[in-house]
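Following: one structure in structure tokens, then a few remarks.
Residue numbers (our numbering), protein chains in the order written: chain A, 617 to 922; chain B, 617 to 922.
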């Protein structure tokens, strides 16, 4: 694999940025990767574990001379960071991001970027419930999707170059427009996360079942929910606040459907329940066949090498 | 490990029964294990793969002379099976089950059992999304909980013996009463399963996002839901129909809580969302500390040896 960008700057050093660094190094996709994080503790940790070739004490220093700048901060912080780095951006460079919501990022970041800088929003569909600079690993993006959301008036060459970077990090790449992205993600990720958070909260609230019992006897259903509900609170707060309309629409549909199933339980309509559960099982099979998961017990999740 | 029951009969040969067979064999807990399944195809498969020392063509034959009879059929079928085997049960034997609901099983099975037969309902909290005679494996119960629900007027010695069997199969054993069991499971398993089924159904219904997109871009949240929603339809239909009250109560609490979070999203109350998500993350940590899960990517699920 050859160098795609001479210098890459990672702004924010959490799970995604640290995984990008290790994936870039694995394939030799950049000559130098600089990094910046707002918290001095995170910068210290990054220096200690060798995360980034150079950790800078300001975002402006990190992006200075960079050919690609990747915004890896929570969606709600993207606008402020863009404003901060804008004067230091190299003419002709590309700015991208890894946020889970695209319309809000475009609205927040776009206006700050100077003429001559390419903006190619992106969203890698990969993650774990861990966060922070020590949580990343080189294989996180292998065989996962990364969605690029090019601006309608953007330069196709800048998009192609970013596509090669993501492919070099192991991802499959697709393109879609921002609003469709936000709806698809509301269905496949944002609403499921809110639902998992809710169910975990309900279990905790219930007076007649102790936390200890919930924890001890957490059967597979609840265990999977708690994993989802352990994801980074700041990231998810921002996702729900910035993808509000699509998330609320999906939750409305969800509630409607849940009421139908509750009524079937209440009235003892076993045929309806059986037909419904048979259909959802078929959907799972479709996911297996599409290769986005495996039937193996670790569900194709990649293991961080020690 | 020494023999705990001379002869064990498994009625129904799905995931749990087949895992019990391999776990019993692994530790030498029974001299002979017989098996019966209603479907001739299942019996043929069991014979082909060596599941059970002897596969019988009737439930009465399978339980003849057995010291322990384990009902491993869906909760809704337990009563009919108990009626069928009752005349063939050996005096002094123990009947148990592995159903996910306990009050309904006690009501359905108890009246059929003759005097002098011990009834000790049980529920191993272990499973995968796979079903059928070929889905079992010896390590399914290792370090998982099995809940025993002894009858108030039952023989403590029969309960102790069953406890030793489950411990011999690798499980940790606790006891609780039937109604409390059903409430705890409604929280930790039944309601989460219904919610997962619902979300997968909503995704499928949504016209503006294609099934193909949902499948391709199923991020971690939705992937975990589809795994849950792929569980056996008959088993889960029966669970919801027989644990109706507790499940509907938990779903009511869930809906109330979900509406609160939806309102926080709609009104942009980021502080409320952040505090909520921080609390659910702490609950997850409690589960890890209680040893019911691991932080490893396979979440402690056991791998079936090839």
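Just so it is clear, CB atoms sit at the ideal spot from N, CA and C, and this is done for glycine as well.
By the C-beta density criterion, residue 829 of chain A is buried, having at least 16 other C-beta atoms within 10 angstroms. Of all residues in the region 761–780 of chain A, those with a C-beta nearer than 9 Å to a C-beta of chain B are 761 and 763, reading in chain order.
Here DSSP, grouped into helix, strand and coil, assigns residue 877 of chain A to helix. Bridge partners of residue 712 of chain A according to DSSP: A:686. Apart from the 5 residues on each side of it in sequence, residue 698 of chain B sits with its Cβ closer than 6 Å to the Cβ of 725 and 728 in its chain, given in chain order. Counting along the chain, no alpha helix (DSSP H) covers residue 651 of chain B; the unbroken beta strand (DSSP E) around it starts and ends at 646–652.
Taking a contact to require three or more Cβ pairs closer than 8 Å, the region 702–710 of chain A and the region 731–744 of chain A qualify as touching. Between the region 748–755 of chain B and the region 715–722 of chain B, the count of Cβ pairs shorter than 8 Å is below three; the stretches do not touch.
Pairwise C-beta distances place the region 801–813 of chain B in contact with the region 853–864 of chain B, as three or more of them are shorter than 8 Å. Separation of the CB atoms of residue 624 of chain A and residue 671 of chain A is rounded to 13 Å, and the pair is thereby denied contact status at 8 Å. Note on the region 700–765 of chain A: whole beta strand (DSSP E) runs with a minimum of 3 residues are 710–713, 738–740 and 761–764, in chain order.
Only exposed fits residue 655 of chain A, as fewer than 16 other CB atoms lie within 10 angstroms of its CB. Listed along chain B is no residue with a C-beta nearer than 7 Å to that of residue 757 of chain A; the closest approach is about 13 Å. Against chain B, the CB of residue 849 of chain A has a partner CB under 8 Å away; the residue lies at that interface.
No Cβ-Cβ contact shorter than 8 Å links residue 894 of chain A with residue 816 of chain B. Put simply, the region 782–802 of chain A does not touch the region 658–677 of chain A. Fewer than three CB pairs are less than 8 Å apart.
DSSP, read as helix, strand or coil, puts residue 813 of chain B in helix.
According to the DSSP assignment, residue 800 of chain B belongs to the alpha helix (DSSP H) that extends over 794–801. Chain A places no beta carbon closer than 8 Å to that of residue 717 of chain B, leaving this residue out of the contacts. For residue 808 of chain B, the chain A residues whose C-beta falls within less than 7 Å of its own C-beta are 815, 837, 838 and 841, listed in chain order. Residue environment: residue 713 of chain A is assigned as buried (16 or more neighbouring CB atoms within 10 Å of its CB, all protein chains considered).
Within the DSSP secondary-structure output, residue 626 of chain B pairs in a beta bridge with B:651 and B:686. For residue 873 of chain B, the closest Cβ of chain A is nearer than 8 Å. In the structure shown, residue 830 of chain B falls within a helical segment according to DSSP collapsed to helix, strand and coil.
In the structure shown, residue 771 of chain B adopts coil according to DSSP, grouped into three states. Using a Cβ-Cβ cut-off of 7 Å, residue 750 of chain A is close to nothing in chain B; its nearest Cβ partner there is about 13 Å away. Between residue 867 of chain B and residue 810 of chain B, the CB-CB gap stays under 8 Å.
DSSP, read as helix, strand or coil, puts residue 887 of chain B in helix.
In the three-state DSSP reduction, residue 680 of chain A falls in the coil class, being neither helix nor strand.
Going by beta carbons, residue 752 of chain A and residue 638 of chain A fall inside the 8 Å limit.
Assignment of residue 855 of chain A by DSSP, reduced to helix, strand and coil, places it in the helix class. Comparing C-alpha distances from residue 758 of chain B to each of B:738, B:767, B:784 and B:739 shows the shortest one belongs to B:784.
One alpha carbon belongs to residue 818 of chain A, the other to residue 902 of chain B, and they sit about 15 Å apart. For residue 803 of chain A, the closest Cβ of chain B is nearer than 8 Å.
Selection B:833, B:825 and B:840 evaluated against residue 813 of chain B yields B:840 as nearest (Cα-Cα).
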